[in-house]
Amino acid sequence: MIETKEKVTRIEDLLGEGAVAKENKDDVNEQETTETKTNSVSKKDQKEKEKAKNLIPRGKPKSGRVWKEQKQRFSSIVKTRGIRTSQDKKQKLREDLKRVKEMSREIKAQKEAEKLAKKERRKENLKREKENQKKSEVVQVIKDTAKIKKMKKNQLRSIVKRDTVKT
13 MIETKEKVTR
23 IEDLLGEGAV
33 AKENKDDVNE
43 QETTETKTNS
53 VSKKDQKEKE
63 KAKNLIPRGK
73 PKSGRVWKEQ
83 KQRFSSIVKT
93 RGIRTSQDKK
103 QKLREDLKRV
113 KEMSREIKAQ
123 KEAEKLAKKE
133 RRKENLKREK
143 ENQKKSEVVQ
153 VIKDTAKIKK
163 MKKNQLRSIV
173 KRDTVKT
């Protein structure tokens, strides 16, 4: 290769130093706008670095309470909005819920009806039992009331008034 020596003339040399200062100011303004763009990126990078820094395991605390974690500020906690469901799914869920509630109401009503039926049957059985007991009693009519006065206490306890008139 052959090297040639050429003299390079710059615009700054031709215009002088005053013009160069103005051009430099314009260049600085352009650089500032690009820096603000990169600044927002750098903030993201800083946050990522902080997260990475937090991921680095810390040493054993002086207090010895290794289960305790470093407190986070409320603003740094990431909040999720939750899963959004579509209108159709919501409608379907509502219908399913209505159906389930209706079925549970029916089951409760059925159980309640069974309970009432059982109660009624029990009442009827008790009533029938009392009637049968009355029918099977051996009754001895005391016509002489003077006998009652002569009776002992134990005999008086066994005496019960009954309506002997059969209708």
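When the count follows the working numbering, it moves up by one through the sequence shown with no breaks and lands on 179 for the last residue. Even for Gly, the Cβ is constructed at its ideal location relative to N, Cα and C. Computed from a predicted model, the values in this text were never measured in an experiment.
Distance, residue j Cα to residue i Cα
{"i": "Ile-95", "j": "Glu-118", "result": "33 Å"}
{"i": "Val-90", "j": "Lys-83", "result": "14 Å"}
{"i": "Thr-92", "j": "Val-78", "result": "28 Å"}
{"i": "Lys-63", "j": "Lys-110", "result": "46 Å"}
{"i": "Ile-160", "j": "Val-151", "result": "16 Å"}
{"i": "Lys-147", "j": "Arg-169", "result": "21 Å"}
{"i": "Thr-97", "j": "Ser-87", "result": "27 Å"}
{"i": "Lys-165", "j": "Glu-141", "result": "29 Å"}
{"i": "Arg-174", "j": "Glu-132", "result": "27 Å"}
Boundaries of the alpha helix (DSSP H) in which residue i is found, first to last residue
{"i": "Gln-167", "result": "165–170"}
{"i": "Lys-130", "result": "99–148"}
DSSP-derived helix/strand/coil call for residue i
{"i": "Asp-57", "result": "helix"}
{"i": "Asp-25", "result": "helix"}
{"i": "Glu-62", "result": "helix"}
{"i": "Ser-87", "result": "helix"}
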